[in-house]
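Numbering (the working numbering), first residue to last: 20 to 347.
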């Protein structure tokens, strides 16, 4: 029995969907390896805990940058590891794997993803564009001649697309997403508080009190980092209003991209979108206030899909099931 697997190969996390079981794996796409022996030390959550905390000879890296492969050999090992972990080692037949790619990837980047999947032991590889996978996973029937707008905000890229009849009509992919939210917070802390913090701390701030829209009650969190003036560790109180200020520029650019896609949408589909609204997916969509911000700027009802993190992986897996059902 060969398994069909859907993999959401994200910049920040990898999710694996197995036919009949759903999403069974969600781990950070981080690999830690020893520079001296060139050996992989840890993959996934274990490697994420090492980010920014490793001795000189061990480096924790993200082999995917902005939705595409930046380190081929490490990515191949990582895919192999996750496929084996998802299926167990006792598989008799190679799996059929479908993977999602950002809508703006080049032919060379697509080839790299395909080759990495074949090298990891796939019998057959299908690539699917992220917004299409997100729409399937969000439960939208994309086969109908009717416009649906998907905004998929991941870790490295944001894909915005209008989908009709199973394909994208208008789309754009911008290299601005969750990681850039973290970087914006790091920059803000350095500028406003003279405090140097790491990626993981910035992500914690974003998850706990991050917002892009003013909240009724201002939330506060204590942040520890290194004081840039004295060089000593320091604790600072940060409010949610400050995160809104820190993230204003980055989120503004995503909203501009959404408006840009709406401007290029054929009028019939624009009418459909006005009826059906805009659907937000991806981990970045969990940032508070994004719905309100997009709704305010576009005048279109905006909602976040249930389980926004898993939507793309579910859609990718269901896409394989659809393909195999057609073949059979």
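Backbone N, C-alpha and C define an ideal beta-carbon position, used for all residues, glycine too.
Annotation: the continuous beta strand (DSSP E) that includes residue 34 extends over 32 to 37. Of the candidates 304, 63, 184, 157, the residue whose Cα lies closest to the Cα of residue 288 is 184. Contact annotation: residue 93 and residue 50 have beta-carbon atoms nearer than 8 Å. Burial state of residue 285 is exposed, judged by a 10 Å Cβ sphere holding fewer than 16 other Cβ atoms.
Rounded to the nearest angstrom, the gap between the Cα atoms of residue 318 and residue 96 is 45 Å.
Taking the Cβ atoms as the reference, residue 78 lies roughly 6 Å from residue 52, within the contact range of under 8 Å.
Between the alpha carbons of residue 168 and residue 265 lies a gap of roughly 27 Å. Sixteen is the threshold: when 16 or more other Cβ atoms of the shown chains lie within 10 Å of the Cβ of residue 329, as they do, the residue is buried. Between the stretch 274 to 284 and the stretch 158 to 177, the count of Cβ pairs shorter than 8 Å is three or higher; the stretches touch. Contact between the stretch 25 to 43 and the stretch 187 to 204 is established, with three or more Cβ pairs separated by less than 8 Å.
With the rule of 3 Cβ pairs closer than 8 Å, the stretch 130 to 150 does not count as touching the stretch 248 to 264.
Rounded to whole angstroms, the separation of the alpha carbons of residue 281 and residue 70 is 39 Å.
Annotation note: the stretch 314 to 347 contains the following uninterrupted beta strand (DSSP E) runs of length 3 or greater, listed N- to C-terminal: 321 to 323.
Under the DSSP assignment, residue 286 falls in the alpha helix (DSSP H) whose first and last residues are 286 to 295. Given a length threshold of 3 residues, each whole run of the beta strand (DSSP E) inside the stretch 225 to 250 is given here in chain order: 239 to 246. About 6 Å separates the beta carbons of residue 44 and residue 104, which is inside the 8 Å limit, making them a contact pair.
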